[in-house]
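Q: From first to last, the protein sequence lines stand for chains A and B. The C-terminal residue of the first sequence carries number 156 in the numbering used here, and the numbering is unbroken. The C-terminal residue of the second sequence carries number 809 in the numbering used here, and the numbering is unbroken. Glycine included, each C-beta is placed from N, C-alpha and C at the ideal position. Quick one: this structure, given as structure tokens, is what I'll be asking you about.
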Amino acid sequence: MEVVRLRVNGDERVCGVPTHYTLLETLRYGLGLTGSKQGCDKGDCGACTVIVDGRAVLSCITPVWEAEGREVRTVEGLATAAGLHPVQDEFDLNGAAQCGFCTPGILCSSVALLDRNPSPTRGEIRAALAGNLCRCTGYEKIYDAVEAAAERLGDR
Amino acid sequence: MSGRGTGTVAPPARVRKPGQGAQTASPNGSGRESETSRVLATIGRPMRKIDGRAKGTGRARYTDDIRLPGMLHGKILRSPHPHARIVAIDTSRAEALEGVHGVVTGRDMPTTYGIIPWTPDEYPLCVDKVRYVGDGVAAVAAVDEDTANAALALIDVEYEELPAYLDPHEAIAADGPFIHEPRKKGRNGNITKTVELAFGDVDRGFEGSDLVVEGDYFFEGTTHTPIEPHCAIGLAEPDGKLTVWSATQVPHYLHRELARVLEIDPARVRVVQPPVGGAFGGKSEPFDLEFCVAKLSVITGRPVKILYTREEVFYSHRGRHPFHMRYRTGATRDGMLTAVDSRIVMDGGAYASFGLVTTYYSGQLLTAPYRMPAYRFHSTRAYTNKPACGPKRGHGSVQPRFAFEVQLDRIAEALDIDPIELRRRNFIGSDIRTVNDLRVTSNGFLECLEAVERASDWEHKFRRLPYGRGVGVAGSTYITGTNYPVYPNDMPQSGIQLQVDRSGRVAIFSGASEIGQGVDSMVTYIVAEELGAPLEHIRVLAGDTDFTPVDLGAYSSRVTFMLGNACIDAARRIKAMVQEAVAETWGTKPREVLLAGGLAVMAGDTGTSMPLREAFNLAEAKFGTLGATGSYNTPRDVHGSYRGATIGASPAYSFTAHVAEVEVDPETGFVTVEKIWIAHDCGRALNPVLVEGQMEGSAYMGFAEALMEEQIFKSADQGRAGLHNAPSLLDYRIPTSLDTPALESLIIESIDPEGPYGAKEAGEGPLHPSIPAIANAIHDAVGVRMNSLPFSPPRVWRAIQAAGDGGRG
Numbered sequence: 001m002e003v004v005r006l007r008v009n010g011d012e013r014v015c016g017v018p019t020h021y022t023l024l025e026t027l028r029y030g031l032g033l034t035g036s037k038q039g040c041d042k043g044d045c046g047a048c049t050v051i052v053d054g055r056a057v058l059s060c061i062t063p064v065w066e067a068e069g070r071e072v073r074t075v076e077g078l079a080t081a082a083g084l085h086p087v088q089d090e091f092d093l094n095g096a097a098q099c100g101f102c103t104p105g106i107l108c109s110s111v112a113l114l115d116r117n118p119s120p121t122r123g124e125i126r127a128a129l130a131g132n133l134c135r136c137t138g139y140e141k142i143y144d145a146v147e148a149a150a151e152r153l154g155d156r
Numbered sequence: 001m002s003g004r005g006t007g008t009v010a011p012p013a014r015v016r017k018p019g020q021g022a023q024t025a026s027p028n029g030s031g032r033e034s035e036t037s038r039v040l041a042t043i044g045r046p047m048r049k050i051d052g053r054a055k056g057t058g059r060a061r062y063t064d065d066i067r068l069p070g071m072l073h074g075k076i077l078r079s080p081h082p083h084a085r086i087v088a089i090d091t092s093r094a095e096a097l098e099g100v101h102g103v104v105t106g107r108d109m110p111t112t113y114g115i116i117p118w119t120p121d122e123y124p125l126c127v128d129k130v131r132y133v134g135d136g137v138a139a140v141a142a143v144d145e146d147t148a149n150a151a152l153a154l155i156d157v158e159y160e161e162l163p164a165y166l167d168p169h170e171a172i173a174a175d176g177p178f179i180h181e182p183r184k185k186g187r188n189g190n191i192t193k194t195v196e197l198a199f200g201d202v203d204r205g206f207e208g209s210d211l212v213v214e215g216d217y218f219f220e221g222t223t224h225t226p227i228e229p230h231c232a233i234g235l236a237e238p239d240g241k242l243t244v245w246s247a248t249q250v251p252h253y254l255h256r257e258l259a260r261v262l263e264i265d266p267a268r269v270r271v272v273q274p275p276v277g278g279a280f281g282g283k284s285e286p287f288d289l290e291f292c293v294a295k296l297s298v299i300t301g302r303p304v305k306i307l308y309t310r311e312e313v314f315y316s317h318r319g320r321h322p323f324h325m326r327y328r329t330g331a332t333r334d335g336m337l338t339a340v341d342s343r344i345v346m347d348g349g350a351y352a353s354f355g356l357v358t359t360y361y362s363g364q365l366l367t368a369p370y371r372m373p374a375y376r377f378h379s380t381r382a383y384t385n386k387p388a389c390g391p392k393r394g395h396g397s398v399q400p401r402f403a404f405e406v407q408l409d410r411i412a413e414a415l416d417i418d419p420i421e422l423r424r425r426n427f428i429g430s431d432i433r434t435v436n437d438l439r440v441t442s443n444g445f446l447e448c449l450e451a452v453e454r455a456s457d458w459e460h461k462f463r464r465l466p467y468g469r470g471v472g473v474a475g476s477t478y479i480t481g482t483n484y485p486v487y488p489n490d491m492p493q494s495g496i497q498l499q500v501d502r503s504g505r506v507a508i509f510s511g512a513s514e515i516g517q518g519v520d521s522m523v524t525y526i527v528a529e530e531l532g533a534p535l536e537h538i539r540v541l542a543g544d545t546d547f548t549p550v551d552l553g554a555y556s557s558r559v560t561f562m563l564g565n566a567c568i569d570a571a572r573r574i575k576a577m578v579q580e581a582v583a584e585t586w587g588t589k590p591r592e593v594l595l596a597g598g599l600a601v602m603a604g605d606t607g608t609s610m611p612l613r614e615a616f617n618l619a620e621a622k623f624g625t626l627g628a629t630g631s632y633n634t635p636r637d638v639h640g641s642y643r644g645a646t647i648g649a650s651p652a653y654s655f656t657a658h659v660a661e662v663e664v665d666p667e668t669g670f671v672t673v674e675k676i677w678i679a680h681d682c683g684r685a686l687n688p689v690l691v692e693g694q695m696e697g698s699a700y701m702g703f704a705e706a707l708m709e710e711q712i713f714k715s716a717d718q719g720r721a722g723l724h725n726a727p728s729l730l731d732y733r734i735p736t737s738l739d740t741p742a743l744e745s746l747i748i749e750s751i752d753p754e755g756p757y758g759a760k761e762a763g764e765g766p767l768h769p770s771i772p773a774i775a776n777a778i779h780d781a782v783g784v785r786m787n788s789l790p791f792s793p794p795r796v797w798r799a800i801q802a803a804g805d806g807g808r809g
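Structural data, given as structure tokens:
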């Protein structure tokens, strides 16, 4: 058991974890941030995706020590007191989440994409989400939601 | 038997334009009252799901997100052998490990269970024998996952290996030792069920045919792979009450089986079903982990959680059966079907699961949307030493549909008839009985065909695209709920309870299972429609057997139809009380009181209204605490009386047509599906956004089975018999965003006479045609018939090579 210091969703957090813990295990079991999901525990499904220093990262295969001193953003950190992030809102409006289990990871991949590319083409959206498996939607409504969110962010 | 009318007449179907609300007049569901002139305020409009924001912010709590104080972690030890006798199990070293609080084996729960009451053939943990690699033999509960894993390694099991059956034909031909003891002496213990049924004069039908097409088809098994692995938590309390949280789609059936197997009074058992992270049929029966967490909690006195690893999800399976199929299809020279004959061998895996039903479904569900004057099927489900197969989206009917729709394409080709025209000519119609005596009411299949024909620009593409490109069509039907529950009883299939607070808040107590399909939203829309309440005043309290009426579960595409009707039933009871109380105050008739837009309004241009809250309060003052229950049960006169006639019977059937456009690289055999047009008759789209989501998700899953997915196991000469070939999401290859084709949904509304507001199912039907439409498109592209799934590059390449001329004809 060792102490790890993380900056998560803007908060400085200190947590005692077994040395082999991944970032996902630390978020879920150490900090109670259960929004990030475990679907495969080996980097195949993308349900655990979080944003580390602006990049979408698979937290289930990231040793927690690699996130020390970095800015970690999870699905819990996307909305603000002012309301939902436009990507979250558009996912809801477009029916882009069905069972919702892959959704936190896909939202993080989408936000990371839009932060670096504010007006992606549909092809760029597809490519950015290629590491996130969704078993419910067939992806169409997810692309629609990301496109709509990009438009809204562009209007701001 | 065909051609018998039912007396009700469904109106012609209509095509919904994108985003269009359901404005037109229609008969309401269930025939309770005539509302043909009614304008619907909520139903039919694109709306948010009520749980969308919780899921999109990470606040939705799935089973594995729940942590109880003092919770232990459980793990299950699994068999390394496909077929073996358990000679001895020694758990003493595991029990002695620091941090281990409990160990159980099969002898602690020696009662068989099974989702179908006639075929209970599994134990929570194996007692005498293991029947597949992955079969559970012992379970531990420890302070953490690492300790639990370490404890599993300390359990010593002595096995005596038995010959393993991996091929269903070999299993059927064997004379023992059988995988299961035969239920009657002298029977074959490697067979779950054989069904043989014939309708009409099949032999004469073939004799009178101008053309008979024969073909052998193979459908490889596939599995569900929900992104959420199975998870359960057990909590035994000192007062003898047992609570099990589980990612299940059948909390009621789980409730029954937990009580029976663990010998606990069912009134002391509570099943809680948190939001489920995908299911697709893969969580629709009890699993070993649910019994194990319960038993381990009873033993340890502490809450116990078990979360399957992804590998365990692949081994728990219950997915689509591999089918070996032979079809004969006869037709006249103008393309009219004369007779259909099929012989099917199904590879069931180690346990029965829903297999008895699957065996019937393999034949029963083929008899629409085309008229068949004569039909015979013979289906056998074999046990094999592999993970058990069960129901996957489109249970038992996706495989035959693939074969049959390819047969139709071959007939169209041989007779030089356009394949859409061929299907149109054989359309069975609405308000009829099928050849196997299933009652079909509303039927929008012709409109489905027309919609995909137009949207895909079929007439300019079919046989007109350059070599390597092609289009294909297929159609299908599916049940809207199975007409009878898995255990015989006369109680409702769906129940619901509503309660109205003085604040204006309406609570819906729903026993239905939210698995992502949107059932919690569906009941909210219905209550909003009936009571005129704003969506944000409605709460859904669901998935807890302690306070919700029984709904049988999220399977067989039953929930919208059955629970929706139950919900209308309950809401209209409350509405009647509110109307009566307000009418009394206003000195008018109850039917002059309209509930809409958060108000009670006097009909006509009177300008008289009051907030709904006041109306509710008047009703509470008059009638006492305001609440109502509602229920739905199926009609009983919708099927024949022969043995098996009830299986395949449904209160309504959905219809679907797809056109797929593909590009095939003849050098590599690689198939790219460019686009699938999906037209689906869902009766009425209660929320078109959710219906489109079901259609696209279905077509995606069909595409995946057509081109990519196969649940296959190693043979003895590959080293380890019965070992899963690729039990990971990377190697099993479910489609990513880059693999998935463009999908276009075309909603067709036939307004079913008995559905809620005319609605039928949308969650399973739209999967069926994807596979044969792609197969038929490959034929249009390169001239080869793909009869075995999946259409992987080696298979397609070999087919092109075998055609000799590269398929150019």
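Just to confirm the assignment, what range does the beta strand (DSSP E) spanning leucine 626/B have?
A: Note, leucine 626/B: premise wrong, no beta strand (DSSP E); not H, not E.
Q: In the DSSP assignment, what residue or residues form a beta bridge with glycine 215/B?
A: DSSP output for glycine 215/B lists Tyr327/B as bridge partner(s).
Q: Under three-state DSSP, which class holds serine 316/B?
A: Of the three classes helix, strand and coil, the one that applies to serine 316/B here is helix, per DSSP.
Q: So, at 6 Å on beta carbons, what are the nonlocal neighbours of serine 26/B in its own chain, with the 5 sequence-adjacent residues on each side left out?
A: Bear in mind that the predicted position of serine 26/B carries a pLDDT of just 37, short of 50, making it unreliable; the figure below should be weighed with that in mind. Excluding positions up to five away in sequence, the list reads Ile751, Gly758.
Q: Which residues, in chain order, does the segment 475-499 of chain B contribute to contact with chain A at a C-beta distance below 8 Å?
A: Against chain A - using a Cβ distance shorter than 8 Å - the segment 475-499 of chain B contributes no residues.
Q: Rounded to whole angstroms, what's the CA-CA distance from serine 362/B to isoleucine 344/B? Just pull it up for me.
A: Going by the C-alpha atoms only, they are around 8 Å apart.
Q: Closest Cβ-Cβ distance between proline 27/B and chain A: below 9 Å?
A: Note on proline 27/B: pLDDT 38, under 50, position unreliable in the model; the coordinate value appears next. It does not: the Cβ of proline 27/B has no partner Cβ on chain A nearer than 9 Å.
Q: Could you check if tryptophan 677/B is buried or exposed, using at least 16 other CB atoms within 10 Å of its CB as the buried criterion?
A: When all chains shown are included, tryptophan 677/B counts as buried.
Q: Hey, is arginine 326/B close to the ligand PLP, as in C-beta under 8 Å from one of its heavy atoms?
A: Among the ligands in the structure shown, none appear at all, so the ligand PLP cannot be discussed.
Q: Look up glutamate 160/B in the DSSP assignment and say whether it is helix, strand or coil.
A: Glutamate 160/B falls in the strand class under three-state DSSP.
Q: If the cut is a Cβ gap below 7 Å, which residues of chain B does valine 75/A touch?
A: Neighbours of valine 75/A on chain B, chain order: Thr57, Gly58.
Q: Going by DSSP, which residues form a beta bridge with tryptophan 677/B?
A: Paired residue(s): Val659/B, Glu744/B.
Q: For proline 741/B, does the count of other Cβ atoms within 10 angstroms reach 16, so buried, or fall short, so exposed?
A: The residue in question, proline 741/B, is buried, as its Cβ has 16 or more Cβ neighbours within 10 Å.
Q: Have a look at Met522/B, Leu599/B, Ala542/B and flag the residue whose alpha-carbon is nearest the alpha-carbon of proline 46/B.
A: The option with the nearest alpha carbon to proline 46/B is Met522/B.
Q: Leaving aside the five residues before and after asparagine 94/A along the sequence, list all residues of the same chain whose C-beta is less than 6 Å from its C-beta, in chain order.
A: These residues qualify, in order along the chain: Lys141, Asp144, Ala145.
Q: Exposed or buried, what is glutamine 718/B when buried is set at 16 or more other beta-carbons lying within 10 Å of its beta-carbon?
A: Glutamine 718/B should be labelled exposed.
Q: Is there at least one Cβ from chain A nearer than 9 Å to histidine 224/B's Cβ?
A: With 9 Å as the cut-off, histidine 224/B counts as an interface residue toward chain A.
Q: Hey, how far is the Cα of lysine 305/B from the Cα of cysteine 231/B?
A: For lysine 305/B and cysteine 231/B, the distance between alpha carbons rounds to 7 Å.
Q: State the DSSP-derived secondary structure class of serine 79/B, mapped to helix, strand or coil.
A: Serine 79/B: coil per DSSP, three-state reduction.
Q: Got a sec, what are the start and stop residues for the alpha helix (DSSP H) phenylalanine 91/A sits in?
A: Start and end: 86-93.
Q: What does the alpha-carbon distance come out to for the pair asparagine 117/A and histidine 85/A?
A: Cα-Cα distance, rounded: 16 Å.
Q: As a quick exercise: from Lys575/B, Asp51/B, Tyr165/B, Val213/B, pick the residue whose alpha carbon is nearest that of leucine 618/B.
A: Of Lys575/B, Asp51/B, Tyr165/B, Val213/B, the residue nearest in Cα terms is Lys575/B.
Q: Nearest to lysine 42/A by alpha carbon, out of Gly32/A, Leu31/A, Thr34/A, Val57/A?
A: For the residues Gly32/A, Leu31/A, Thr34/A, Val57/A, the minimum Cα distance to lysine 42/A belongs to Val57/A.
Q: Determine whether the Cβ of proline 251/B lies closer than 9 Å to any Cβ atom of chain A.
A: Closer than 9 Å: no.
Q: May I ask you to report which of helix, strand or coil DSSP gives isoleucine 89/B?
A: Note: isoleucine 89/B maps to strand in three-state DSSP.
Q: Counting only the same chain and skipping the five closest in sequence on each side, list residues whose C-beta sits under 8 Å from that of asparagine 132/A.
A: Excluding sequence neighbours, asparagine 132/A sits near Cys45, Gly46, Ala47, Thr49, Cys102, Gly105, Ile106, Ser109.
Q: Under 7 Å Cβ to Cβ from proline 385/B, same chain only, skipping five residues before and after it: list those, please.
A: Looking at the sequence provided, one finds asparagine at residue 385/B rather than proline. Cβ within range, chain order: Pro82, His83, Arg131, Tyr132, Ala164, Tyr165, Leu166, Ile179, Ala350, Gly722.
Q: Look at the Cβ atom of proline 124/B, then the Cβ atom of glycine 106/B, and state whether they are nearer than 9 Å.
A: Going by C-beta atoms, proline 124/B is nearer than 9 Å to glycine 106/B.
Q: If you reduce the DSSP assignment to three classes, tell me which class lysine 49/B lands in.
A: Reduced to three states, the DSSP call for lysine 49/B is coil.
Q: Have a look at asparagine 443/B and tyrosine 113/B and give me their C-alpha separation to the nearest angstrom.
A: Answer to the nearest angstrom: the Cα atoms are 38 Å apart.
Q: What first and last residue would you give for the beta strand (DSSP E) that runs through serine 698/B?
A: From DSSP, serine 698/B is part of no beta strand (DSSP E) but of the alpha helix (DSSP H) over 688-707.
Q: Going by beta carbon distance, what residues of the same chain come within less than 7 Å of glutamate 181/B, once the five residues before and after it are set aside?
A: The residues are Gly189.
Q: Do you know how far the Cα of leucine 789/B is from the Cα of tyrosine 315/B?
A: Computed Cα separation, rounded: 21 Å.
Q: Determine the direct distance from the alpha carbon of tyrosine 360/B to that of methionine 346/B, and round the result to whole angstroms.
A: Rounded to the nearest angstrom, the two C-alpha atoms are 11 Å apart.
Q: Rounded to the nearest angstrom, what separates glycine 301/B and glycine 32/A at their Cα positions?
A: Their Cα atoms are separated by approximately 24 Å.
Q: Under 8 Å: do the segment 657-665 of chain B and the segment 600-615 of chain B share three or more Cβ pairs, one atom per stretch?
A: No, the segment 657-665 of chain B is not in contact with the segment 600-615 of chain B.
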